[in-house]
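In terms of numbering that gives the first Met the number 0, the sequence shown is residues 0 to 411. No residue lacks a Cβ here, since even glycine has one placed at the ideal position from N, Cα and C.
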Amino acid sequence: MEKINRRQFLLQGGISAMSLALGSNIVFGKHLPAGWLPVALEENTVFEPLPGKHPELVILNDRPINAETPAHLLDDLITPNDLFFVRNNGLAPNKTSIDPDKWTLQIDGEAAAKKQAYSLPELKKRFKHYTYQLTLECGGNGRKEFNPPAKGNQWSTGAVGCAEWTGVRLKDVLEDTGIKSNAVYIGYYGKDQHISGDPKKEPISRGVPIHKALEEESLIAWSMNGKDIPLLNGYPLRLVFGGWPASCSGKWLERISIRDRIHDGAKMKGQAYRIPCKPVAPGSKVEDKDMCIIESMPVKSLITFPKTGAMIKKGQSLPLRGHAWAGDLRVKSVSYSIDFGSTWKKCDLRAPANRLAWQHFSAEIAFPESGYYEVWAKAEDENGISQPMLLPGWNPKGYLNNACHRIAVKVS
Ligand SMILES: Nc1nc2c(c(=O)[nH]1)N[C@H]1C(S)=C(S)[C@@H](COP(=O)(O)O)O[C@H]1N2
Ligand SMILES: [Mo]
């Protein structure tokens with residue numbers, strides 16, 4: 000629907016509108032047959048990367064901006080800022096409207112002992128700094144595979160990353176304000192705007208139960224990999240809760256409420272970021288009361304080397320690399336298969352840099368003869384739960400697809 004409107008708009012606007020959209024003059028534009036759209040616009044070819052982002056991020060939506068990282072570009076041990084995926088529910092604030100020295104974070108809520116505001120320089124000065132590698136994965140990562148399809152961004156495998164975040168402990172700040180004994184949840188509010196432009200509407204306002212908020216690794220962060228957080232990832236201040244749906248980690252953070260009930264901000268209720276409390280048949284309609292909030296994410300892994308489609312020579316071995324993560328848990332093992340899951344071999348698996356950081360796996364694969372192969376990777380968490388080889392439980396909004404990642408390899 001959106002695409003058709005955009006197409007019509009461009010066609011009606013003629014060459015000048017199309018040039019504007021391309022960010023460039025169409026040199027032989029007068030020869031472009033009537034009714035034809037430049038192929039770059041048809042295929043959503045991007046000449047101008049998102050600000051601060053790598054040009055090869057795959058843009059799934061440009062309003063609001065949603066962009067994912069191709070698996071082979073996630074090969075770094077720590078995800079670089081320009082390669083970290085972007086999931087916006089609304090419109091990011093303008094960089095020029097943000098003065099980090101004047102930025103304030105307010106703590107309030109029914110279960111806060113008082114209302115208190117901290118400027119960003121004050122946060123940095125008054126509280127101890129911590130740095131952790133924390134994995135953020137969108138609850139909808141992998142949505143693309145569900146059948147019947149689920150509405151929303153059709154994420155493939157790239158709505159995940161693990162960066163090194165620096166900030167103060169949320170716990171230290173909440174305790175400084177004072178947490179009353181009736182505290183149940185925290186809810187965040189950010190500076191981004193609802194897609195409608197209506198300032199009274201929140202694009203998203205989620206949070207976590209108080210026990211997660213008070214964990215050591217739960218951060219209010221201003222730095223990502225030693226640099227300012229990119230604007231699209233929440234500059235100048237955001238929450239980071241490793242291992243939980245990244246929707247909990249509020250960006251452009253301006254306010255946190257300590258709630259005496261489960262936070263009821265935008266996208267906390269109804270079906271958003273929830274799955275059926277009990278498994279349902281694919282395509283089922285599920286009532287809101289039977290939907291439960293997603294907490295710790297399931298075990299998952301991603302092959303980041305080689306890129307799918309790798310070609311090697313017979314007799315050559317193939318180095319395999321990737322990452323594995325398991326929500327609040329540790330990953331116990333990662334295995335790979337080259338025979339569609341009939342047999343599995345263990346990969347080398349490194350310990351996490353800290354709790355809630357992803358873990359790196361590697362293997363050296365030998366192939367018995369020439370031909371087409373798939374390499375599958377499967378991780379198991381410390382409780383002995385493994386990734387499913389095929390799609391896990393279908394759910395109406397298409398969350399938590401942690402099926403094994405597969406790549407194609409040709410040996411000739
Ligand atoms: N203020 C605000 N915070 C937000 C969002 C948002 O749209 N606005 N999106 C959430 C969702 S759904 C996800 S998956 C993560 C994405 O973080 P990233 O864009 O830094 O990758 O941010 C979360 N925090
Ligand atoms: Mo998300």
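{"Query": "Could you have a look at Ser18 and say whether DSSP puts it in helix, strand or coil?", "Result": "helix"}
{"Query": "Measure the CB-CB distance between Ile406 and Pro318 and report whether it falls below 8 Å.", "Result": "no"}
{"Query": "With distances taken between CB atoms, is the gap from Glu109 to Arg349 smaller than 8 Å?", "Result": "no"}
{"Query": "Compute the minimum distance between the beta carbon of Lys250 and the heavy atoms of ligand 3, and state whether it is under 7 Å.", "Result": "The model depicted lacks ligand 3 and carries ligand 1 and ligand 2 instead."}
{"Query": "At which residues does the beta strand (DSSP E) containing Val207 begin and terminate?", "Result": "206-208"}
{"Query": "Assign Thr95 to one of three DSSP states: helix, strand, or coil.", "Result": "helix"}
{"Query": "What separation, rounded to the nearest whole angstrom, lies between the Cα atoms of Ile296 and Gly242?", "Result": "The question names Ile, but residue 296 in the sequence shown is Met. C-alpha separation (whole angstroms): 6 Å."}
{"Query": "Check whether the region 51-58 and the region 225-245 are in contact - that is, three or more C-beta pairs closer than 8 Å.", "Result": "yes"}
{"Query": "Does the structure place the region 372-379 close enough to the region 272-290 that three or more beta carbon pairs sit under 8 Å?", "Result": "no"}
{"Query": "Work out the CA separation of Ala356 and Thr130 for me, nearest whole Å.", "Result": "11 Å"}
{"Query": "Applying the 10 Å Cβ sphere with the 16-neighbour rule, what's the burial state of His404?", "Result": "buried"}
{"Query": "Does ligand 1 have even one heavy atom less than 7 Å from the beta-carbon of Arg254?", "Result": "no"}
{"Query": "Whose C-alpha, out of Ser336, Ile274, Ser217, is nearest the C-alpha of Asp327?", "Result": "Ser217"}
{"Query": "Between which two residues does the alpha helix (DSSP H) containing Glu174 stretch?", "Result": "169-176"}
{"Query": "Could you check whether the region 187-194 touches the region 79-96, counting it as contact only if at least three pairs of C-beta atoms, one from each stretch, sit closer than 8 Å?", "Result": "yes"}
{"Query": "Please state the DSSP three-state secondary structure of Lys377.", "Result": "strand"}
{"Query": "Which residues does DSSP pair with Ala309 in a beta bridge?", "Result": "Val408"}
{"Query": "In this structure, does DSSP put Asn80 in helix, strand or coil?", "Result": "helix"}
{"Query": "DSSP three-state call for Ser144: helix, strand or coil?", "Result": "In the sequence under discussion, the amino acid at residue 144 is Glu, which differs from the Ser named in the question. Reduced to three states, the DSSP call for Glu144 is helix."}
{"Query": "Evaluate the contact criterion for the region 120-130 versus the region 262-273: three or more CB pairs, one atom per stretch, below 8 Å.", "Result": "no"}
{"Query": "Can you check whether the CB of Gly12 is closer than 8 Å to the CB of Pro69?", "Result": "no"}
{"Query": "In three-state terms, what does DSSP make of Lys345?", "Result": "strand"}
{"Query": "Note down, in chain order, each residue of its chain lying with its Cβ closer than 8 Å to the Cβ of Ser18, except the 5 sequence neighbours on either side.", "Result": "Asn24, Ile25, Gly28"}
{"Query": "Grab the span of the alpha helix (DSSP H) containing Pro120 for me, first residue to last.", "Result": "119-125"}
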